[in-house]
Amino acid sequence: MPDWKQPVRDRLRRLNLSPAREADIVEELAGDLEERYRDLLAGAVPAAQAERLVLEELETGDALADRLRHTRQPAAREPMPMGSTRKGNLMESLWHDAKVAFRMMRLRPAFSLAVAGMLAIGVAGNAAIFSIFNGLFLRPLPFASPARLVDLDETAPKWNLERVSISNPDYDAWQKSNKTFDGMAFFSTGNGANLTTGDGGTERIKLAEVTQSLLTVLGLKPLIGRDIRSEEDRPGGDRVILLGYNLWQRLFGGDRAVVGRAIQLSGRHYTVIGVLPREAMLPPDVDAWTPLAADVANGNSFYLSGVGRLRLGVSMEQARADLLRVHRNQPWNSGHVTSPIVGPLRDRYLGDFKIVTRILLGTVAVVLLIACVNIAGLMLVRGESRSREIAIRTAVGASRGRVARQLLTESFAMAAAGGILGVALGKLFLMGLVSLMPDDLPKWVRFDLDTRFVLFCIAVTGLAALLFGLAPVLQAATVDTRNWLQEAARSTLARGKRATLGALVVGEIALALVLLASSGLLLQAFRKVMTQDPGFRPDNVLTFSLRLPPAKYPKNEQTLAFYTSVLDRLRTLPGAASVSAASIVPLDGHTGYFFVAEGGKQFGAADPSPVVLHVTAMPGYLKTMGMTLQAGREFEDRDNLPAAPKVVIVNQTFARHFWGYADVVGKRVRYQGKDNHDWFQVVGVVRDIRHAGLDREVRPQVFVPYSVAPAGLTFAIRGGPGVHGLVGPAREEIHRLDPDLPLYNIRTMSERLARSLWIRRAYSWLFAAFAAVAVLLAAAGVYGVISFAVGQRTREIGIRMALGARPGQVMRGILGQGMLLVASGVAIGLIAFYFAAGLLQSMLFGVSPRDAATYGAVVLGVALVGLAANYIPARRAATIEPMRALRSE
Amino acid sequence: MLNPSIDRDLKKGSAELLILSLLEGQARHGYEISKLIETRSAGAVRFRVASLYPLLYRLEDRGYLQGRWVEKAGQRRKRYYRLTPEGHKVLEERRSGWAIFVEAIRQITGTEHA
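For the protein sequence lines, the chains are A and B, in the order given.
Count the first sequence with this note's numbering and you get residues 140 to 1028, in order.
Count the second sequence with this note's numbering and you get residues 28 to 141, in order.
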């Protein structure tokens, strides 16, 4: 008798079974083989042939051990190596699922394209908006432990000013007496300088005057050279300069021997002591740092920004309380007008974007949700045809888990396709958005791809796949194998499914309505802003700035004479209809002073809105800017004569604010303060100018002649449509007077206006675009569901028409059913929007969030789109031929 | 339509169905099962030892079958398999599923009748 146990054992060896288990299997299989052998012998098969036949029983296409491996786990005596068979089996099975999934996609290209396309639209919006959010708010600032850096400022609610900047004595007191900061630094960015370059030319650079501690607070070290010393940060200290990385590269080609060299700024010599590291971009967009060298006893002006490094473990609230204590203890702050601001550093530079980007993120999330709901609906509809396949697969032995995995794999495969397409689209979309952004964002804001972005896209796509992939899985779980062939069960199933689909459609219509209504309000607000009267005529006005270095032009008479001759020369330019200049043109900054009006209301330092916008204007400025005189006259050359009577021009808001009425020509004002005794006569009242932007409030404003408040000037040339072409000729004329003066800040007033509105314009149109996409997606959903319902009811409709129903009746029935869904969605959406609209309040520029016209238009729009989406399937239903419908079943 | 998955499930599933059916009435040992399949199908379906036992173990692992060593006088001991309650339920399901499948195939391949 042959030994059957050994061949069995040989084949099991690789499995590493436990000895007991192995013995069991060997005994059972050997027993079987022996019995076969006996039966063969009994059947008169020769012994040798019988043995061969029996041993063949152990041979299969794949070895016995491999078959057993699938069923019997070996005792885990040794850790399984990576990529071992068990895992390999799962991977193989997943790979199999994936292959099937891609094959299914290829088999139904239209369906797969619809799913991937809709998902791509949803993902693209998310990818682009998230990139922006990520770049603005999530990327760490390029400083050491940036979470501990805070923005410092002062606020003066009583002056109706959110930020007033910090005064010298305040910063000194904060710095010396706080208990919650590792360090503080302060800087002024108001100044630029005319830099004489190597080739003898000049260019305007932006300078920050900083306290000696700035690099330490930011946790940075000079790239080369040294930091500012404390003796240099005192009045009368040496003139030294730290070059910014870019300026160093541009000017010195990255020459490391630059330390110790002298450079000329506005006619003064500065010694280069070092180069800032590339990351030192605070304040943003400055080219170089010089010591602030402030006289801390001089407290008249608020002009500093600050940055502080919190001590480890100190919260912003604790720091705020600490600074408030220090601040209030200073005798000059007894009036409690100003108080310290301690806030996130990023918000100072990007605060404008915060609400907008969050709302946009919410919007794209809603669009994606609608896309997912649509896809889920599509999948449910397609599930109808797949339930047959699923029933068969369950019948022949596939477990429910197995089927669910296959369905989910298919969803994920389509999601992957949609996600990749979406990210690619999103990247294009982002490039478009970034190109629309102005160039004055802080330099540390970057929108390129990073890990966070990749993770976000994978998470969003995966989540979407789960959302819409669950629909067919849940549906598969309800496929009843036994009753599948029975008509009754199938129609019940379809009825339940129609209800689910209906709910999905109502949901997406509601969401789309919320977006559309929000976008309607934002566009209303945008239109309202655009139709505001700016108070000046921005078209065809070229502006540029000039600063005269005090070293070369120390006396006011010199600067006045120079500026006057510049104006004279510019007036000779062909195409220049009118030329003048002012210290600040609209949309280009703010200087505030306090004023007292004779016989008018007295505003103390603690009263609201006493800060007056203060502009130095040259003769003819109002005319050049297209501002409107309500009463009185413009400045003339005689107002700048040494013995001229002191005069001012005020705006309507100033007149109403101080005197309560507008007719104030002849009245007198003076600067507040005990040393200011001179009265100025009002010679003109100008119509209000929206100086800070079309969507900002108008503040009291005073224009003074140059001789009253000499300042660097921004020139304005009103010309024809090609006014920008006057830059070159203007520069030539000015360089004939002084070849060392750079023109900078060169923009037309239309450009300034457009830039001031770019955020509002961008989010208004983005919102509108997303809302339009949402409505179209929702319409596609309505269309799909009603088409499905019509397809399901073909037979029923056929019978009804055979019994005499007219096509019109059938069509009305279908339309009614569809419009019921639309109406429900609209109703729910309206209720949701009624409560959500408050979120938009701050962006609405006075348009009511309950604006009836907007509501009406939006409801009408959604209803019309819904009607259109319903009409096509309803029309198809009405043209059903009864006989064909009945025969097709 | 038959996609590759169905094909795979089908091979596996039909074999399982055969085994479960044979054990419905009584407990049997492996060789007996294999002989029954062969004789009842008139030799059309055959399981080799290398295919049969892995399948039995798998069904046992899933809790559809329970195997037990039984010693009878004068014989070597044999392992007998019988259906568990879970196995009965699965058999019931598989059976009706199979009927559907056969019906579906018939509808597709069968001759049309008016």
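Virtual Cβ for every residue (Gly too), placed ideally from N, Cα, C.
Beta-carbon proximity list for residue i, same chain, < 8 Å, skipping 5 on both sides
i, result
"A/Phe733", "Phe742, Ala744, Pro749, Val750, Val751, Tyr810, Gln811 and Gly812"
"A/Ser846", "Asn695, Leu699, Asp778, Asn779, Leu780, Pro781 and Ala783"
"A/Pro493", "Checking the sequence shown, residue 493 of chain A turns out to be Lys, not Pro. The residues are Phe276 and Asp486."
"A/Gly256", "Gly557 and Leu560"
Short Cβ contact (7 Å threshold) for residue i with residue j
i, j, result
"A/Phe586", "A/Val573", "yes"
"A/Val542", "A/Ile529", "yes"
"A/Phe797", "A/Lys740", "yes"
"A/Val645", "A/Gly964", "yes"
"A/Leu560", "A/Leu681", "no"
"A/Ala432", "A/Arg378", "no"
"A/Pro881", "A/Arg302", "no"
"A/Val465", "A/Asn307", "no"
"A/Ser327", "A/Tyr442", "yes"
"A/Leu519", "A/Leu640", "yes"
"A/Val808", "A/Ala736", "yes"
"B/Arg152", "B/Leu50", "The first residue shown for chain B is 28 and the last is 141, placing residue 152 of chain B beyond what the model contains."
"B/Tyr107", "B/Val97", "yes"
"A/Ala664", "A/Leu983", "yes"
"A/Val754", "A/Phe842", "yes"
Cβ-based burial, residue i [other Cβ within 10 Å; buried from 16]
i, result
"A/Ser987", "exposed"
"A/Leu335", "With the sequence shown as reference, residue 335 of chain A is identified as Thr, and Leu is not the correct amino acid for it. That one is buried."
"A/Ala554", "buried"
"A/Tyr800", "exposed"
"A/His234", "Residue 234 of chain A is actually Trp in this sequence, not His. When all chains shown are included, A/Trp234 counts as exposed."
"A/Thr711", "exposed"
"B/His56", "buried"
"A/Ile1011", "exposed"
"A/Val974", "It is Phe, not Val, that sits at residue 974 of chain A in the sequence shown. Per the 10 Å Cβ criterion, exposed."
"A/Lys315", "exposed"
"A/His475", "exposed"
"A/Ala215", "Legend: pLDDT at A/Ala215 = 36, less than 50; position of this residue unreliable, no value from coordinates given."
"A/Asn299", "exposed"
Cβ-heavy atom distance, residue i to the ligand HEM, below 6 Å
i, result
"A/Lys315", "No copy of the ligand HEM appears in this structure; indeed no ligand is present at all."
Contacting residues, own chain, Cβ-Cβ under 7 Å from residue i (five flanking each side not counted)
i, result
"A/Gly674", "Met766, Arg826, Asp827, Ile828 and Arg829"
"A/Arg448", "Arg287, Leu288, Phe320, Asp321, Gly322 and Val356"
"A/Leu761", "Leu768, Glu773 and Val825"
"A/Thr341", "Asn333, Leu334, Thr335, Asp879, Leu880 and Pro881"
"A/Ser251", "Met244 and Met553"
"A/Arg1015", "Val929"
"A/Pro146", "Leu194 and Leu197"
Neighbourhood of residue i by C-beta, 6 Å cutoff - its chain only, sequence neighbours within 5 removed
i, result
"A/Gly383", "Leu415, Asp426 and Ala427"
"A/Phe269", "Phe595"
"B/Ser61", "Phe74 and Leu79"
"A/Ala189", "Tyr176, Leu179 and Leu180"
"A/Gly968", "Ala649, Leu652 and Val653"
"A/Thr410", "Val379 and Ala401"
"A/Ala913", "Val506, Ile509, Ala651 and Leu654"
"A/Pro946", "Ala1017"
"A/Val503", "Gly264, Asn265 and Ile268"
> Taking the runs of the beta strand (DSSP E) that are 3 residues or longer, which of them lie wholly in the segment 282-334 of chain A?
Replying inline: 288-294 and 320-327
> Using a beta-carbon distance cut-off of less than 9 Å, what residues from the segment 66-78 of chain B approach chain A?
Replying inline: Arg75, Val76, Ala77 and Ser78
>> For the segment 486-519 of chain A, list every residue whose C-beta sits within 9 Å of some C-beta in chain E, in sequence order.
In response: In the displayed structure, chain E is absent; the protein chains listed are A and B.
>> Any C-beta of chain B within less than 7 Å: which residues of the segment 144-173 of chain A qualify?
In response: Glu167, Leu168, Gly170, Asp171 and Leu172
> What are the residues of the segment 103-127 of chain B that lie near chain A, defined by any Cβ-Cβ distance shorter than 7 Å?
Replying inline: Arg103, Lys105, Arg106, Glu120, Arg121, Ser123, Gly124, Trp125 and Ile127
>> Give me the subset of the segment 52-67 of chain B whose CB atoms are less than 9 Å from a CB atom of chain A, sorted by chain position.
In response: His56, Gly57, Tyr58, Ser61 and Lys62
> Just by C-beta distance, which residues in the segment 78-92 of chain B are closer than 7 Å to chain A?
Replying inline: Ser78, Tyr80, Pro81, Tyr84, Arg85 and Asp88
>> Just to confirm the assignment: which complete beta strand (DSSP E) runs, minimum length 3, are found wholly within the segment 330-415 of chain A?
In response: 331-335, 341-349, 379-382, 401-404 and 407-414
> Between the segment 934-968 of chain A and chain B, which residues of the former have a C-beta closer than 7 Å to a C-beta of the latter?
Replying inline: none
>> Report the start-end ranges of each beta strand (DSSP E) in the segment 427-464 of chain A that is 3 residues or longer and not cut off at the edges.
In response: 427-430 and 441-449
>> In chain order, what are the residue ranges of uninterrupted alpha helix (DSSP H) at least 4 long that sit wholly in the segment 933-1012 of chain A?
In response: Fully enclosed alpha helix (DSSP H) runs of 4 or longer: 933-941 and 946-975.
>> Quick check on the DSSP output: what are the complete beta strand (DSSP E) runs of length 3 or more inside the segment 81-115 of chain B, in order along the chain?
In response: DSSP runs (the beta strand (DSSP E)) wholly in the segment 81-115 of chain B: 92-97 and 105-110.
>> For the segment 173-192 of chain A, list every residue whose C-beta sits within 8 Å of some C-beta in chain B, in sequence order.
In response: Glu173, Glu174 and Arg175
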